[in-house]
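As they're listed, the protein sequences go chains D and C.
Position one of the first sequence corresponds to residue 1 (our numbering), numbered consecutively onward.
Position one of the second sequence corresponds to residue 1 (our numbering), numbered consecutively onward.
Have a look at the structure below before the remarks.
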Amino acid sequence: MLNILDRLEEVLIASLMAAATLLIFVAVLHRYGTGVSFLYPYLIQIHLSWAQELCIYMFVWMAKFGAAYGVRTGIHVGVDVLVNQLSPTPRRYVVLFSLFCGALFTAVVGTMGLKFVLELAATDQVSADLEMPRWIVFSCVPAGSYLMCFRFLQVAWTFWKTGELPHHDESRVEGIDIEPPPQKAAR
Amino acid sequence: MTSAFIFGLLIALMLTGMPISIALGLTVLTFLYTMTQVPIEAVALKLFTGIENFEIMAIPFFILAGNFLTHGGVARRMIAFATSMVGHWYGGLGLAGVVACALFAAISGSSPATVVAIGAIILPAMVQQGFPKRFGAGVIATSGALGILIPPSIVMVIYSVATGGSIAIDPEGKRVLSASVGQLFMAGVVPGLILASMLGMTTFYRAWKNDYPRMPRATWAERITAFRRSVWGLLLIVIVLGGIYSGIFTPTEAAAMSAVYAFVIAVFVYRDMTLKDVPRVLLGSANMSAMILYIVTNAVLFSFLMTSEQIPQAMTNWITSSGLTWIEFLLFVNILLLVAGNVMEPTSIVLITAPILFPVAVRLGIHPVHLGILMTVNMEVGLCHPPVGLNLYVASGISRMGITELTIAVLPWLGTMLIFLILVTYIPEMSLWLPRLLGML
């Protein structure tokens, strides 16, 4: 069950990234294609004025769900200089505190967003170019925030059980093999 | 009083090690529920519309483009090209390391990735040739930071976005608009080249004094082959800068085009990765972009709060009435950013500080483009500044040297960077000359 959710999250954000890139690429080609005389009659019938708006919405969706995915991969970094100086027991509580702060913030934002979306759904506001109902566009805020809240709690639970935090390694580069250090580096 | 509360709470929350985006968001929420009359609805709306801005969307595209080309194969090509051009001078591989870092960093956009990719290949080769390990590690740790200044640069996009809505009044009382992404990219070119040459000169001088080994001079045929292999990656910079300057693309479109271009080069020309690797690159880029966009969303909330509490205006008035000159102000800015640059990552620093510093700077007669370049250079120095610059940690990982030893190793180059920072701070023309020459200012 959880695996399906994890997978779904990954597929969603990766496809949004690819789709948005292709969309803008095609829109630019289209703009210059209409300048070519023999293509003009065909291309002028296709309107891509909505491309920019769709791209923005795709990235907003990607950002909300990607932020939840990021909690799981530990990419949201903070200032950990001080915390890492603490001895294990206080550090444990400070880390848990900050994880619960994350859960609290995302829960509040999710609820705020949900109220807002419900109010919008009662109206018939549509977006400027796509004419899509605005509440559908904005529903990513409550959905993404609640998912993110869930992820924070999940990470907190794992940390409580095993003392391990997800860690994003910024210095991994494909095609580079760094031989492992002679002895295990002490953490 | 309110500003002291806001910043005190923000700093206290950040020191617990929670993500910076969460610290920003919680500060705003606490303030909203306890101390102000700003309607919650206005803030809720910002949550939705905060990143609905086509300019911001350049960030995910640039990250994607960089990730396609952040690969050991590309690093090897850049090193081969750099070595064939400068390897026979004093400094040999070290000098080639500086050039290779500059080229690779510009394309990949990530400092830590550059240190790893170039360092892991060139450091063992240098040690084998008889360079002290310290020398190599010092060169790579500092040169790896060059990427932030050489376009395309994400920090510059962030600066442009963060100051975009600010109301800033210059000394004559006219409203000044912030710098565009295109202006900043163009302005970064000259300082980027100067910094790369200065780091190169330091390398050259130290190698000449200690008589470190040099490479045999490459023939022109070798140089042309190495150039042909690396040129596909380098063309990315040309596409972005040329496309924006000539007006063929907007910056965001240029970013999308460069992402598609990088995909084609990585998969079909260089064949460093297969189509099977593409989903992984997409996911990694989405992860990184979402993190940055999440900080942007919360930073928008934060700067909305500051604007509604009129904090930037209050600060501007306070600083102008205290008779601070632009020289003293920029000194203060440099120190603030260097300290922050040590413990936080560049995006967050620019998002939090730029909306406050920008109106003050403009009132003191500082050009928005100049301030942008100056902040970018500070981010660069912060990355390799002891005790906790990120590049030092990454370099320590690949060279297996302790942080203390590395601190000593980077000193000559760090000193060079600090001198460069002073030059950039007090010679605005260094940043403004090229965009002005091209008629972009």
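The beta carbon of each residue, even a glycine, is placed where N, CA and C say it ideally should be.
Computed from a predicted model, the values in this text were never measured in an experiment.
Check: Should Thr114(C) go down as buried or exposed, given a rule of 16 or more other Cβ atoms within 10 Å for buried?
Finding: buried
Next item on the list: Hey, could you find the ends of the alpha helix (DSSP H) Leu103(C) is sitting in?
Entry: Gly92 to Ser108
Notebook entry, point to check: What did DSSP end up calling Glu345(C) once you bin it into helix, strand or coil?
Noted result: coil
Notebook entry, point to check: Can you list, in chain order, the residues of its chain whose CB lies under 8 Å from that of Val38(C), leaving out five sequence neighbours each side?
Noted result: Leu32, Leu305 and Ser308
Next item on the list: Could you tell me which of Leu29(D), Arg7(D) and Ser37(D) sits nearest to Phe249(C), measuring between CA atoms?
Entry: Just measuring C-alpha positions, the residue of Leu29(D), Arg7(D) and Ser37(D) sitting nearest Phe249(C) is Leu29(D).
Note to self: Whole angstroms are fine: how far does the CA of Pro359(C) sit from the CA of Leu324(C)?
What the structure shows: Spanning the alpha carbons of Leu324(C) and Pro359(C) requires a straight line of approximately 14 Å.
Item checked: Bridge-paired residues (DSSP) for Pro133(D) -> Val126(D)
Next item on the list: Determine the DSSP secondary structure at Val176(C), reduced to helix, strand or coil.
Entry: The DSSP-derived three-state label of Val176(C) is strand.
Next item on the list: Determine the chain C residues that contact His76(D) at a beta-carbon separation under 9 Å, and present them in chain order.
Entry: From the beta-carbon of His76(D), the residues of chain C found nearer than 9 Å are Met18, Pro19, Ile20, Ser21, Ile22, Met291, Tyr294 and Ile295.
Margin query: Please list, in chain order, the chain B residues whose beta carbon lies closer than 7 Å to that of Cys55(D).
Written below: Included in the structure are the protein chains D and C, with no chain B among them.
Note to self: Using C-beta distances below 6 Å, list every residue in its chain close to Ala102(C), excluding the 5 sequence neighbours before and after it, in chain order.
What the structure shows: Correct list, in chain order: Leu146 and Ala196.
Margin query: My assumption, with CB atoms under 8 Å, is that Phe65(D) sits in contact with Leu12(D). Please give the rounded CB distance.
Written below: 6 Å
Note to self: Check for me: the alpha helix (DSSP H) holding Asn220(C) runs from which residue to which?
What the structure shows: The question names Asn, yet the displayed sequence has Trp at residue 220(C). Run containing Trp220(C): Trp220 to Tyr245, per the alpha helix (DSSP H) assignment.
Note to self: Against chain C, with Cβ distances strictly below 8 Å, would Gln85(D) count as a contact?
What the structure shows: no
Next item on the list: Could you have a look at Ile169(C) and say whether DSSP puts it in helix, strand or coil?
Entry: strand
Check: Comparing the C-beta of Ala354(C) with each C-beta of chain D, is any distance below 8 Å?
Finding: no
Notebook entry, point to check: So what's Gly78(D) in DSSP terms, helix, strand or just coil?
Noted result: Here Gly78(D) sits in strand by DSSP.
Check: Helix or strand or just coil, what does DSSP make of Glu9(D)?
Finding: DSSP, reduced to helix, strand and coil, places Glu9(D) within a helical segment of the structure shown.
Note to self: Against chain D, with Cβ distances strictly below 8 Å, would Ile51(C) count as a contact?
What the structure shows: yes
Next item on the list: Express the C-alpha separation of Leu282(C) and Pro171(C) in angstroms, rounding to a whole number.
Entry: 47 Å
Next item on the list: Taking 8 Å as the cut-off, decide whether the C-beta atoms of Leu95(C) and Ala125(C) are in contact.
Entry: no
Next item on the list: Thinking His88(C) and Arg214(C) are a contact (beta carbons under 8 Å), I'd like their distance in whole angstroms, please.
Entry: His88(C) to Arg214(C), Cβ: 6 Å. Contact.
Next item on the list: Under 6 Å Cβ to Cβ from Ile51(C), same chain only, skipping five residues before and after it: list those, please.
Entry: Leu293, Val296 and Thr297
Checklist line | C-alpha distance - Gln188(D) paired with Arg134(D), whole-angstrom precision | finding: In the structure displayed, chain D extends from 1 to 187; residue 188(D) sits before or after that span and is not available.
Next item on the list: Counting only runs of 4+ residues fully inside the stretch 26–90 of chain D, write out the alpha helix (DSSP H) ranges in chain order.
Entry: 40–43 and 51–73
Note to self: Using CA atoms only, rank isn't needed, just tell me which of Ala103(D), Glu131(D), Leu118(D) and Gly74(D) is closest to Tyr57(D).
What the structure shows: Glu131(D)
Check: From which residue to which residue does the alpha helix (DSSP H) around Thr27(C) run?
Finding: Ile20 to Met35
Notebook entry, point to check: Cβ atoms of Leu184(C) and Gly372(C): under 8 Å apart, would you say?
Noted result: yes
Next item on the list: State the DSSP-derived secondary structure class of Glu205(D), mapped to helix, strand or coil.
Entry: There is no way to answer for residue 205(D), as the model of chain D reaches only from 1 to 187.
Margin query: Per the DSSP calculation, His370(C) is bridged to which residue(s)?
Written below: DSSP lists no bridge partner for His370(C).
Item checked: Bounding residues of the alpha helix (DSSP H) (the contiguous stretch that carries Val86(C)) -> Residues Gly72 to Val86.
Next item on the list: Could you work out which residue in Asn3(D), Lys161(D), Leu16(D) and Leu2(D) is closest to Pro279(C) when comparing CA atoms only?
Entry: It is Leu16(D).
Notebook entry, point to check: Is Arg134(C) helix, strand or coil when you go by DSSP?
Noted result: helix
Next item on the list: Would you kindly report the start and end of the unbroken alpha helix (DSSP H) that includes Lys276(C)?
Entry: Element bounds for Lys276(C): n/a, residue is neither H nor E.
Notebook entry, point to check: For Gly284(C), does the three-state DSSP call read helix, strand or coil?
Noted result: helix
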